[in-house]
Amino acid sequence: MEIRQPIHSEHAKQLDTAGLREQFLIENMFQEGQLNLTYSHIDRIIVGGAVPTDEALMLEGGKEIGVDYFLERRELGAINIGEPGLVIVDGKTYEIGTREAIYVGKGAKEVKFESVSAQQPARFYVNSAPAHMTYPTRKITREDASPETLGSQENCNVRTINKYLHPAVLPTCQLLMGLTELAPGSLWNTMPCHTHERRMEVYLYFNMKDDNIVFHYMGEPQETRHIVMRNEQAVISPSWSIHSGVGTAAYTFIWSMVGENQTFHDMDHVAMSDLK
């Protein structure tokens, strides 16, 4: 498990391109036969990818989180961006298809990820946050998700926000997750942009061809920077930072939030005239 320290906004202003990528970009999460996790001290979120092939991949506790088993004091969400897979929670098997999700509540002692086919593996994007109580484990299909379509063709930002882990769908302690799909011809997400002091956020960009990129914009509204991102890479967004992107072609991204509340529209909007 890789550990990331929190970064103050004044510190971030001094970082060059390599420094920004080292602190905020998460690469190489999805490796066949591996479970790769990154622990951020920003609201103590854990982000990672599990690509099971011949053998199941199991979440384990340890010194990094100071518990006997991974979900002793945590909750977990996972969205499958690969082929069909299985999540086994304390002996009960959940079939998780492509772009389906699962929520696992605090207290589950054994969580394993498997693929239906080792040759066509599942690709589980995993997020975990500290939890104060237990809510039921549940599978979330695309039909279960709460959709919201925003944007316009004129602004190149038509997108559908599918809320998977959200109070409109199921209860969680603090973890929110969803999947946003851009319409063909649309390139921008989260623009006009915002911050939210009450929550941090992580974006995973995927469904991108090898020669496509996303310019992810971050930083305080008057001190914006960018990180070039490629397929299946994630970026950590502190509460002081905007989080917006524009691609060379349409793409899909998963957003996850951890913090003080679960009010999706609780945002501090930034006027376009105030961006620098």
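Count along the sequence shown from 1, add 6, and you get the number used in the numbering used here. In this text, a Cβ means the ideal position worked out from N, Cα and C, and glycines have one as well. In this text the structure is predicted, and so the values were computed from the model without any measurement.
Could you tell me which of the options sits nearest to residue i, measuring between CA atoms?
i, options, result
"I9", "L185, I32 and E16", "I32"
"N237", "I87, T143, S158 and R205", "I87"
"G91", "F119, V252 and G72", "F119"
"S262", "G54, Q11, A124 and Q159", "G54"
"T196", "I233, K215 and V276", "V276"
"Y141", "I108, R129 and S279", "I108"
"N161", "D150, V95, A137 and P198", "P198"
"T269", "L281, H47, T178 and V95", "T178"
"P12", "T166, Q126 and I48", "I48"
"Y223", "L41, G253, R205 and Q37", "G253"
"Q159", "D150, T23, I102 and P190", "P190"
"R129", "E266, N42 and H17", "N42"
Who are the Cβ neighbours of residue i in its own chain at under 7 Å, not counting the five residues just before and after it?
i, result
"L185", "I85, R105, N168, Y170, T258 and I260"
So who's on the other strand from residue i, going by DSSP bridges?
i, result
"W194", "V252"
"Y223", "H232 and S250"
"L182", "M263"
"S152", "K169"
"M206", "V264"
"R105", "DSSP lists no partner for R105."
Quick check on the DSSP output: the beta strand (DSSP E) that includes residue i runs from which residue to which?
i, result
"G55", "I52 to A56"
"P136", "F130 to P136"
"G83", "R80 to N86"
"F36", "No beta strand (DSSP E) contains F36, which DSSP labels as neither H nor E."
Could you please give the first and the last residue of the uninterrupted alpha helix (DSSP H) stretch that includes residue i?
i, result
"E16", "S15 to A18"
"T269", "Looking at the DSSP string, T269 is not in any alpha helix (DSSP H), and its letter there is neither H nor E."
"T23", "T23 to F30"
Might you give, ordered along the chain, the residues of its own chain that have their beta carbon closer than 6 Å to the beta carbon of residue i, omitting 5 neighbours on each side?
i, result
"N213", "Y257 and T258"
"Q180", "A135 and V264"
Ordered along the chain, which non-local residues of its own chain (more than five positions away) have a Cβ less than 8 Å from that of residue i?
i, result
"T99", "L92 and V93"
- Message: Measuring CB atoms only, is the stretch 26-44 touching the stretch 234-248, in the sense that at least three cross pairs come out at less than 8 Å?
- Response: The stretch 26-44 is in contact with the stretch 234-248.
- Query: When the Cβ atoms of the stretch 119-133 are set against those of the stretch 59-67, are three or more pairs found closer than 8 Å?
  - Reply: Short answer: they touch.
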